[in-house]
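Protein chains: 2
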Amino acid sequence: MAKIDDVARLAGVSKGTVSNVFSQKRPTSEKVTDKVLEASRELNYVPNHIARSLVTKKTMAIGLTIPHGNFFFNTFHNQFINGVILEASHYGYRVLLDMVPVEKVKTPSLASYPIDGAIVLGPTEEDERINLLHLNQIPFVTIGKIFNANVKDASTVNNDNFQIIRDICSYLIDKGHRSMMFLNANELMTVAIERREAFIEVLTNHQIDLQEHMIHYKPALTSSKYMNYGYDETVHVLSELKERVTAIIADDDRTAFSVMNAIKDLGLSVPEDLSLFVICGDLSMMHKATPSLTGMDLQSSELGVHSVRLLMHKLGILDGDFPEHMIISSKIIEGDSCSSL
Amino acid sequence: MAKIDDVARLAGVSKGTVSNVFSQKRPTSEKVTDKVLEASRELNYVPNHIARSLVTKKTMAIGLTIPHGNFFFNTFHNQFINGVILEASHYGYRVLLDMVPVEKVKTPSLASYPIDGAIVLGPTEEDERINLLHLNQIPFVTIGKIFNANVKDASTVNNDNFQIIRDICSYLIDKGHRSMMFLNANELMTVAIERREAFIEVLTNHQIDLQEHMIHYKPALTSSKYMNYGYDETVHVLSELKERVTAIIADDDRTAFSVMNAIKDLGLSVPEDLSLFVICGDLSMMHKATPSLTGMDLQSSELGVHSVRLLMHKLGILDGDFPEHMIISSKIIEGDSCSSL
DNA sequence: CTGAAAGCGCTTACAG
DNA sequence: CTGAAAGCGCTTACAG
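What follows is the structure, given as structure tokens:
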């Protein structure tokens with residue numbers, strides 16, 4: 001690969017001038033620009049990104065940090081990533097998928113991250129990834145609340161998980177449901193913690209006793225129970241425990257499909273015998289399911305877009321007023337999976 | 001951030017020795033190692049990845065190159081990426097999502113890619129991304145066949161698209177279907193080209209006349225028709241053209257859901273009135289749909305894993321015998337969406 | 001508008 | 001096993 005010296009020599013100018021032509025940081029006369037570009041073309045020259053990064057101290061990449069060993073892209077992440085990639089590309093940024101192995105988190109990783117900032121997906125209660133980013137002084141934005149004791153200035157982009165649970169429960173309670181079963185996210189995630197609190201609050205406000213069968217947590221990806229989340233709980237609670245349940249709130253679309261399968265196997269049907277509400281899923285798929293699924297529009301793509309913007313702001317690339325904590329609104333999209341009692 | 005000189009000074013050794021302790025490229029005495037590690041801890045030192053890359057000429061990142069402007073992560077890519085990330089991390093590699101804007105492809109990008117190799121998703125017939133990678137001498141693997149005239153030594157990982165279409169058609173023809181409608185991928189993609197050829201071949205072998213309504217292509221993402229692909233074609237062909245169709249082959253699960261919606265709106269049902277076959281989708285979701293969808297298991301996660309392995313082989317990191325073109329097997333997973341005529 | 005020179009923070013022969 | 005020095009390929013004050 002040709003380097004800047006080769007181009008400078010061929011064009012009869014200095015390295016600094018070649019640099020200017022490509023970086024556009026200082027004006028260059030048209031004549032010189034042409035000479036440089038022609039020489040570059042001839043030599044098939046492209047500036048070395050790494051060498052540039054070393055001196056500018058910018059990698060022009062942001063990390064999308066996903067937890068190792070307990071993570072799986074689902075339809076929510078799908079939309080989210082589409083938003084992230086699109087918005088990042090507006091600022092000339094690329095996206096580095098960063099799956100930090102748990103062991104490496106313990107013994108700080110072998111080399112600094114080649115990223116200018118990071119977006120942390122699915123934070124857990126005391127998330128080591130966040131401590132590591134904090135330690136390495138890498139600006140970051142978390143998708144969801146964090147509780148790390150020593151991290152004060154974290155920026156977050158989140159849905160209003162409390163309001164979401166209140167909205168869902170109100171919607172169901174208005175339809176006469178009081179026997180609800182909540183299939184929450186994995187219990188380590190802060191989103192699950194927020195939702196649980198909200199769920200309990202709603203139950204209390206409506207004088208509904210919280211019973212053990214009413215709330216469940218998604219098993220770890222490594223667990224053999226992972227793939228049957230939704231099915232197993234539905235069968236267990238309805239058929240074995242014989243508890244009365246009239247409405248099920250499912251964490252995501254996959255879980256909802258799993259629940260529907262269980263309901264069918266029990267000889268029951270949605271929404272006649274049970275109402276089903278999906279918190280996060282692919283709306284166009286949910287809309288086309290039979291029956292179409294009622295769920296929340298979390299605007300996951302917008303979450304991605306705004307997390308990039310907030311990060312760009314922290315990197316000093318985007319001006320304007322940005323709150324430390326940004327909330328993306330959400331609303332109920334009605335399908336045919338919930339009925340009045 | 002502390003740098004290598006700081007650590008060397010504090011530990012009372014040379015920079016080269018500090019370097020060795022972290023890179024492990026030469027043995028270091030235990031005593032010196034301890035001194036260096038302690039100094040590093042004290043200074044919170046981590047080697048600078050960029051500076052290292054500049055001299056080693058390795059970025060320890062592979063690019064996942066996705067076409068800009070006409071791309072959307074779907075459930076297939078989901079699984080695929082999960083495979084890629086997992087396998088790449090085995091070799092200490094990170095994954096850079098690279099969405100090359102179309103304009104940038106024209107005027108070769110501003111700086112070289114900070115990647116050691118690339119995996120090209122969804123190649124089109126004369127794919128500019130591939131010419132660019134070739135020009136920049138970056139090793140790459142394509143997911144799907146490519147036809148670039150000047151690129152000879154390309155490695156590909158692919159499903160056997162010809163066999164897949166033959167298998168699907170045989171399956172349907174055995175059930176008595178001769179009036180099939182094929183909702184193919186976007187016509188620019190090589191996968192769509194291979195499938196079309198195979199489809200026509202099968203029809204010819206069974207003395208079925210190819211008619212215009214029998215094959216459709218997914219609209220570009222930028223098209224307003226994109227979101228209704230499947231629905232629109234089904235309604236148009238069945239209701240407006242009033243063509244006889246007994247089986248529909250859908251490119252992916254989203255398209256299949258869309259088709260089911262149309263069928264329902266036409267007052268028909270699956271599989272009684274129409275059989276439905278999905279080429280690529282999330283099997284666990286398809287299994288849980290009502291009716292459960294019959295489809296192909298393309299092993300998309302394996303596609304991801306093997307594309308990384310093949311790339312690692314090209315990078316000289318993985319030994320062994322690797323074919324230039326690797327085929328991942330696929331098989332039919334039966335659900336309840338196809339019936340005999 | 002352009003050039004000469006220092007420097008970004010590492011690794012790597014070379015020498016001992 | 002360790003050190004001194006050159007060099008990776010750029011950018012950036014500084015000077016003109």
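Heads up: the sequence lines are chains A and B, in that order.
Following the UniProt record's numbering, the numbering of the first sequence begins with 1 at its first residue and continues without gaps.
Following the UniProt record's numbering, the numbering of the second sequence begins with 1 at its first residue and continues without gaps.
All C-beta atoms, glycine included, are put in the ideal place defined by N, C-alpha and C.
- Message: Can you tell me whether arginine 26 of chain B sits near the ligand GDP, meaning its C-beta is under 7 Å from at least one heavy atom of the ligand?
- Response: Although the ligand GDP was asked about, the structure shown includes no ligands whatsoever.
Practice problem: Provide the residue(s) that pair with phenylalanine 182 of chain B in DSSP beta bridges, ordered along the chain. | Solution: B:Ile215 and B:Ile249
Q.
Give me the chain B residues within the contact set of phenylalanine 147 of chain A, using Cβ-Cβ distance strictly less than 8 Å, ordered along the chain.
A. Here the premise fails: no neighbours, minimum Cβ distance about 23 Å.
For lysine 254 of chain B, decide whether its Cβ has a neighbour in chain A, counting only Cβ atoms nearer than 8 Å.
What sits at residue 254 of chain B in the sequence shown is arginine, not lysine. It does: the Cβ of arginine 254 of chain B has a partner Cβ on chain A nearer than 8 Å.
Q | Contacts that aspartate 98 of chain B makes with chain A (C-beta to C-beta distance below 7 Å) | A | Arg94
Inset, instruction - Pair every Cβ in the segment 80-91 of chain B with every Cβ in the segment 46-53 of chain B, then say whether three or more of these pairs are closer than 8 Å. - result: no
Look up lysine 331 of chain A in the DSSP assignment and give the residues it is bridged to.
A:Asp297
### Task
Specify the secondary structure class of histidine 325 of chain A as computed by DSSP and reduced to three states.
For histidine 325 of chain A, the secondary structure class from DSSP, reduced to helix, strand or coil, is strand.
**Asked** Are at least three pairs of beta-carbons, each pair with one atom in the segment 53-64 of chain B and one in the segment 262-282 of chain B, less than 8 Å apart?
**Response** no
For the putative contact between threonine 190 of chain A and threonine 124 of chain A, defined by C-beta atoms under 8 Å, what is the C-beta separation to the nearest angstrom? A Cβ-Cβ separation of about 7 Å places threonine 190 of chain A in contact with threonine 124 of chain A under the 8 Å criterion.
*With C-beta atoms as the reference, is leucine 241 of chain B less than 8 Å away from cysteine 338 of chain B?*
no
*With respect to the beta strand (DSSP E) encompassing alanine 289 of chain B, which residues constitute its N-terminal and C-terminal limits?*
Here alanine 289 of chain B belongs to no beta strand (DSSP E), and DSSP marks it neither H nor E.
Which chain B residues sit within Cβ distance under 7 Å of serine 224 of chain A? Within 7 Å Cβ-Cβ: nothing; serine 224 of chain A doesn't reach chain B, min ~14 Å.
field: Below-8 Å beta-carbon distance, isoleucine 143 of chain A vs any chain B residue
entry: Under the Cβ distance rule, isoleucine 143 of chain A does not count among the residues neighbouring chain B, no pair being separated by less than 8 Å.
- [ ] With distances taken Cα to Cα, identify the nearest neighbour of residue 373 of chain B among B:Gln299, B:Met312 and B:Asn205.
- [x] Lying outside 1 to 341, the shown extent of chain B, residue 373 of chain B is not represented and no answer is given.
Rounded distance between the beta-carbons of asparagine 136 of chain A and tyrosine 113 of chain A, thought under 8 Å: Indeed, because the Cβ distance is near 7 Å, the residues count as touching under 8 Å.
Practice prompt. Could you tell me if histidine 306 of chain B is buried or exposed, where buried requires 16 or more neighbouring beta carbons within 10 angstroms of its beta carbon?
Written response: buried
Discussion item. Please report the straight-line C-alpha distance between valine 202 of chain A and cysteine 169 of chain A, rounded to a whole angstrom.
Written reply: 7 Å
- Mark alanine 220 of chain A as exposed unless 16 or more other C-beta atoms lie within 10 angstroms of its C-beta, in which case mark it buried. exposed
Exercise for the section: Return the CA-CA distance between arginine 129 of chain B and tyrosine 229 of chain B, expressed in angstroms with no decimal places. Expected result: Between arginine 129 of chain B and tyrosine 229 of chain B, the alpha-carbon positions lie close to 27 Å from each other.
Would a C-beta distance cut-off of 8 Å place aspartate 251 of chain A and methionine 285 of chain A closer than the cut-off? Not closer than 8 Å, so no.
| request: Below 8 Å on the Cβ atoms is my guess for threonine 234 of chain A versus leucine 341 of chain A; work out the distance and round it to an integer in Å. | output: A Cβ-Cβ distance of about 18 Å is found for the pair threonine 234 of chain A and leucine 341 of chain A, leaving them out of contact under the 8 Å criterion.
- Query: Any beta-carbon of chain B closer than 8 Å to the one on alanine 11 of chain A?
  - Reply: no
Cut-off 7 Å between Cβ atoms - residues of its own chain near threonine 107 of chain A, not counting five sequence neighbours on either side
Note that threonine 107 of chain A scores a pLDDT of 39, beneath 50, so its modelled location is shaky and nothing firm can be said.
Status (buried if at least 16 other CB within 10 Å, exposed otherwise) for leucine 183 of chain B: buried
ask   = Name the DSSP beta bridge partners of isoleucine 143 of chain A, please?
value = A:Val157
Worksheet entry | Beta carbon proximity, asparagine 44 of chain B to chain A, threshold 8 Å | Yes, asparagine 44 of chain B lies at the interface with chain A (some Cβ there is under 8 Å from its Cβ).
Using the beta-carbon count (16 or more within 10 Å), is serine 329 of chain A buried or exposed?
exposed
Discussion item. With DSSP as the reference, identify every bridge partner of arginine 94 of chain A, one or two as the case may be.
Written reply: A:Ala61
Quiz item: Helix, strand or coil: how does DSSP classify threonine 124 of chain A here?
Solution: When DSSP states are grouped into helix, strand and coil, threonine 124 of chain A belongs to the strand group.
Measuring alpha carbon to alpha carbon, tell me which residue in B:Met227, B:Leu310 and B:Lys58 is nearest valine 141 of chain B.
B:Leu310
query: Looking at C-alpha atoms only, which residue of B:Gly267, B:Asp273 and B:Gly295 is the closest neighbour of threonine 255 of chain B?
result: B:Gly295
Next item on the list: Determine, using beta carbons only, whether valine 13 of chain A and leucine 37 of chain A come nearer to each other than 8 Å.
Entry: no
Residue range of the alpha helix (DSSP H) that leucine 276 of chain B falls in? Leucine 276 of chain B -> not in any alpha helix (DSSP H); beta strand (DSSP E) instead, spanning 275-280.
- Name the DSSP bridge partner or partners of methionine 189 of chain A? A:Thr124
Starting from lysine 288 of chain A, find everything on chain B with Cβ-Cβ shorter than 7 Å and list it in chain order. Phe257, Ser258, Met260 and Asn261
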